[in-house]
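Undergrad: First the structure, which I've put down as structure tokens, then a few questions once you've had a look.
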Amino acid sequence: MPEGDTVWRQARDLRAVLEGQRLLSSDFRVPSFATVDFSGQLVSRVESRGKHLLMFVAGHVIHSHLSMEGHWDIYPALPGDRRARWRRPAFTARVVLETAAATAVGFSLGTLEVMPEELVSDAVGHLGPDLLGPDWDAEEALRRLLAEPGRAIGVALLDQRNLAGIGNIYRNELCFLARVHPATRVADVPELPRLVELAKRLLEANKDRPQRSTTGGPARGEAAMWVYGLAGKPCKRCGSLIRHDTLADPVFPTHAARDIYWCPRCQGGSEQPAS
1 MPEGDTVWRQ ARDLRAVLEG QRLLSSDFRV PSFATVDFSG QLVSRVESRG KHLLMFVAGH
61 VIHSHLSMEG HWDIYPALPG DRRARWRRPA FTARVVLETA AATAVGFSLG TLEVMPEELV
121 SDAVGHLGPD LLGPDWDAEE ALRRLLAEPG RAIGVALLDQ RNLAGIGNIY RNELCFLARV
181 HPATRVADVP ELPRLVELAK RLLEANKDRP QRSTTGGPAR GEAAMWVYGL AGKPCKRCGS
241 LIRHDTLADP VFPTHAARDI YWCPRCQGGS EQPAS
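Here the sequence shown stands for residues 1 to 275, numbered as in UniProt numbering.
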């Protein structure tokens, strides 16, 4: 599941093949931008902001968001007229950017849009401090979380307006590490600054790993996670069976309730009020 660390790696890899390069061609496979052509234009920079990817080209920004299934693949240029075989179905490609050295293909992107550079704040201006960005500010993230003290910590952590980069895996793992049920009110979370610090440390520890681990163990299978996806399994800390439910966000009633996992002994009871 793409979260801030995944997007950071995507930006790093795309930067290596696109930044400072001229595009031989661009192919936007979404109706709204099908006529956009950046052929011959220089990609000046590539960066991530939370879960968003930004590519700056000729006074414009190519903005993408991976959502649940999106991914950018990079294929090296082959000799002659040969083309690398794509690893994903062609019908899921939303944009193809080609340079002399490589081709970058955005598959199944949840968001893809092109905008003038001066309007980039419309896409990412709402974001809180980026956990993996140069603007990271723990005090500002803490201030934003505390601005809604009655909100469940499990939904406040997912709100990218508070701090950018946490998805459902990290919010569940962070709540376990902080020993709080995801439905605990922000105001009732003990040592909230420590939780914010843990979020930064977890994403930093995983940003260079192809497979995520929050336990410090092998980055694969059940050993990689404390509680996420492990309903019915024994807690690695106390042996109690991990529980599962969903938690909705009243601030965004149209959003689907998301899965939560917790240990009833390490994190409290199975039912805790969100407000």
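By construction, the Cβ of each residue, glycine as well, lies at the ideal position given by its N, Cα and C atoms. This structure is a prediction, so every number in the text was calculated from the model and none was measured.
(1) Got a sec, what are the start and stop residues for the alpha helix (DSSP H) Glu140 sits in?
(2) For Leu18, which residues in the same chain have their Cβ closer than 7 Å to its Cβ, ignoring the five residues on either side in sequence?
(3) Return the Cβ separation of Tyr228 and Ile169 in integer angstroms, given the expectation that the two are a contact with Cβ distance under 8 Å.
(4) Compute the Euclidean distance between the alpha carbons of Thr6 and Val180, then round it to the nearest angstrom.
(5) First and last residue of the beta strand (DSSP E) that includes Val189?
(6) For a test of the three-state rule: what should DSSP assign to Pro31, helix, strand or coil?
(7) Closest to Gly268 by C-alpha separation, out of Leu177, Pro149 and Arg220, would be which residue?
(8) Using only CA atoms, which one of Asn162, Tyr261 and Pro134 lies nearest to residue 339?
(9) Who are residue 289's beta bridge partners in DSSP?
(10) Where do the ends of the beta strand (DSSP E) carrying Val57 lie?
(11) Identify, in the order they occur along the chain, each residue of the same chain with its Cβ nearer than 8 Å to the Cβ of Leu230, setting aside the five sequence neighbours on each side.
(12) Nearest by alpha-carbon distance to Leu109: which of Arg94, Met115 and Lys207 is it?
TA: Short version:
(1) Bounds of the alpha helix (DSSP H) holding Glu140 are Ala138 to Leu146.
(2) Closer than 7 Å at Cβ, skipping near neighbours: Val43, Val46, Met55, Leu97, Thr99 and Ala104.
(3) About 5 Å; that satisfies the 8 Å criterion.
(4) The straight-line gap from Cα to Cα measures roughly 25 Å.
(5) No beta strand (DSSP E) holds Val189; DSSP gives it neither H nor E.
(6) In this structure, Pro31 counts as helix in the three-state DSSP scheme.
(7) Here the closest residue by C-alpha is Leu177.
(8) Residue 339 lies beyond the range of the chain shown here (1 to 275); nothing can be said about it.
(9) Because the chain in this structure spans residues 1 to 275, residue 289 falls outside the shown range and cannot be described.
(10) Note, Val57: beta strand (DSSP E), His52 to Val57.
(11) Around Leu230: Glu222, Ile242 and Tyr261.
(12) Leu109 has its Cα closest to that of Arg94, out of Arg94, Met115 and Lys207.
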